[in-house]
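Shown next, in C-alpha cells, is the structure this report addresses.
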Amino acid sequence: MLTHFFSSQRVIPRRIQQKYFNYIRDKLLARKEIIRSRANSHKTRNTHTRTFFNFTYKKYHFYLGLYIPCHQHSTTSGIGSRPSCYIVPAPFVMSNCRRACVMHQRAFFKSNLYHNIRNGNTNTRLTNASGFVNSKQSHGNLLHQRWNNRVKKKIYSNRLDISYDSSYHARNVSSVIKLNNTHMYRKRLNNFSPKYSDNDNTKK
Numbered sequence: 001m002l003t004h005f006f007s008s009q010r011v012i013p014r015r016i017q018q019k020y021f022n023y024i025r026d027k028l029l030a031r032k033e034i035i036r037s038r039a040n041s042h043k044t045r046n047t048h049t050r051t052f053f054n055f056t057y058k059k060y061h062f063y064l065g066l067y068i069p070c071h072q073h074s075t076t077s078g079i080g081s082r083p084s085c086y087i088v089p090a091p092f093v094m095s096n097c098r099r100a101c102v103m104h105q106r107a108f109f110k111s112n113l114y115h116n117i118r119n120g121n122t123n124t125r126l127t128n129a130s131g132f133v134n135s136k137q138s139h140g141n142l143l144h145q146r147w148n149n150r151v152k153k154k155i156y157s158n159r160l161d162i163s164y165d166s167s168y169h170a171r172n173v174s175s176v177i178k179l180n181n182t183h184m185y186r187k188r189l190n191n192f193s194p195k196y197s198d199n200d201n202t203k204k
C-alpha cells in the first residue's frame with residue numbers, strides 16, 4: 001500500500017521517499033494496533049481513535065491511514081467487515097467497533113453514543129485519594145486557609161535555573177470596587193533568585 005502511494009504521487013522526490021519510507025510504515029503498523037485495541041475494547045466510554053495521521057512535505061499534506069468501512073453499511077459485524085454499498089471510510093473508531101463515515105456521523109452521534117457514563121455517586125467521584133473534595137467550596141476554603149496562615153511556597157525551576165516564593169494576598173475594598181477586580185485574592189511572587197549552571201556551555 002505504501003509503495004503504491006509513493007509510485008502514484010508526483011510531488012515527493014525519490015530521496016525523500018527513501019528517507020521516510022520506514023518511518024511511515026512503522027506509523028501505519030502502529031496505527032493498525034491502536035485501532036485494533038480501541039475497536040476490541042468493551043469500555044462504555046466515548047473516546048475515539050483516528051484511523052489516519054497527517055504527513056506533510058513542504059506545502060503538500062497527505063492523510064495516510066487504514067480503510068475502516070462505515071458501520072452503517074457493513075454486511076457483517078467486526079472491524080474487518082466489507083461494506084455492502086458504501087465505500088466512504090470511517091475517520092475514527094470507538095470501543096465495541098463503533099464507527100461512522102462523514103455521511104452518517106450525525107445519526108451515529110444521536111444513537112450510538114454512551115450516555116450517563118459518569119459515576120452516580122457524587123462524593124466518590126469528587127473525593128481523591130487524600131480525602132480532599134474537589135469542589136468550589138473546598139478550593140475556596142483552602143485558599144482562605146493559605147492566606148490566613150500566610151503560607152509561602154518555594155518554587156524551583158530546574159529548566160530555567162530560578163527560584164522564587166509564592167504567596168496569596170487578599171485584595172482591599174478599593175481594589176475590588178473601584179478597580180473592578182473580581183478576584184478576591186491575588187498571588188504575589190517575590191524573592192526571585194537565579195541559579196546559574198556550573199557548565200560553561202550553558203552559562204549565559
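The sequence shown lines up with residues 1 to 204 when you count with the UniProt record's numbering. By construction, the Cβ of each residue, glycine as well, lies at the ideal position given by its N, Cα and C atoms.
Notebook entry, point to check: Do you know whose CA, among His-61, Phe-108, Tyr-60 and Asn-180, lies nearest Arg-70's CA?
Noted result: Note on residue identity: the sequence assigns Cys, not Arg, to residue 70. Each of His-61, Phe-108, Tyr-60 and Asn-180 was checked against the Cα of Cys-70, and the nearest Cα belongs to Phe-108.
Note to self: What does the alpha-carbon distance come out to for the pair Phe-6 and Leu-29?
What the structure shows: Going by the C-alpha atoms only, they are around 17 Å apart.
Item checked: Residue burial classification, Val-93 (beta-carbon count within 10 angstroms, cutoff 16) -> Under a 10 Å Cβ-count criterion, Val-93 is classified as buried, with 16 or more other Cβ atoms of the shown protein chains found around its own Cβ.
Item checked: Rounded C-alpha distance that separates Lys-58 from Leu-66 -> Their Cα atoms are separated by approximately 24 Å.
Notebook entry, point to check: Taking the alpha-carbon positions, what's the Arg-150 to Phe-21 distance?
Noted result: Cα to Cα, the separation comes out at about 59 Å.
Next item on the list: Helix, strand or coil for Thr-3, going by three-state DSSP, please let me know.
Entry: It is helical.
Next item on the list: Might you give, ordered along the chain, the residues of its own chain that have their beta carbon closer than 8 Å to the beta carbon of His-4, omitting 5 neighbours on each side?
Entry: Excluding positions up to five away in sequence, the list is empty.
Margin query: Cutting at 6 Å between CB atoms, please list the residues of its own chain near His-169, excluding the five before and the five after it.
Written below: Within the same chain, His-169 has close Cβ partners Arg-186 and Arg-188.
Next item on the list: For Val-88, name the three-state secondary structure that DSSP assigns.
Entry: For Val-88, the three-state secondary structure derived from DSSP is coil.
Item checked: Ile-68 - DSSP class collapsed to helix/strand/coil -> Ile-68 sits in coil when the DSSP states are folded into three classes, being neither helix nor strand.
Next item on the list: With distances taken Cα to Cα, identify the nearest neighbour of Asn-96 among Pro-194, Gln-105 and Leu-113.
Entry: The residue with the shortest Cα to Cα distance from Asn-96 is Leu-113.
Notebook entry, point to check: Quick one: what's Ser-167 bridged to in DSSP?
Noted result: Ser-167 pairs with Lys-152 and Arg-188.
Margin query: Below 8 Å, how does it come out for the segment 147 to 167 and the segment 189 to 196: are there three or more Cβ pairs, yes or no?
Written below: Result yes; three or more Cβ-Cβ pairs closer than 8 Å.
Next item on the list: Taking Arg-50 and Pro-89 to be in contact with their CB atoms under 8 Å, please state how far apart those CB atoms are, rounded to whole angstroms.
Entry: Contact annotation, Arg-50 with Pro-89: C-beta distance approximately 11 Å; criterion of less than 8 Å not satisfied.
Check: Thinking just about the alpha-carbon of each residue, which of Ile-24, Ala-100, Arg-14 and Val-11 is nearest to the one in Ile-68?
Finding: Minimum Cα-Cα distance from Ile-68 among the listed residues Ile-24, Ala-100, Arg-14 and Val-11 corresponds to Ala-100.
Next item on the list: Look at the Cβ atom of Lys-136, then the Cβ atom of Ser-163, and state whether they are nearer than 8 Å.
Entry: No, the Cβ-Cβ distance between Lys-136 and Ser-163 is not below 8 Å.
Check: alpha helix (DSSP H) containing Asn-22: first to last residue?
Finding: Following the DSSP letters along the chain, one finds Asn-22 inside the alpha helix (DSSP H) bounded by residues 14 to 39.
Checklist line | Tyr-63 - partner residues in DSSP beta bridges | finding: Note: Tyr-63 sits in a beta bridge opposite Asn-54.
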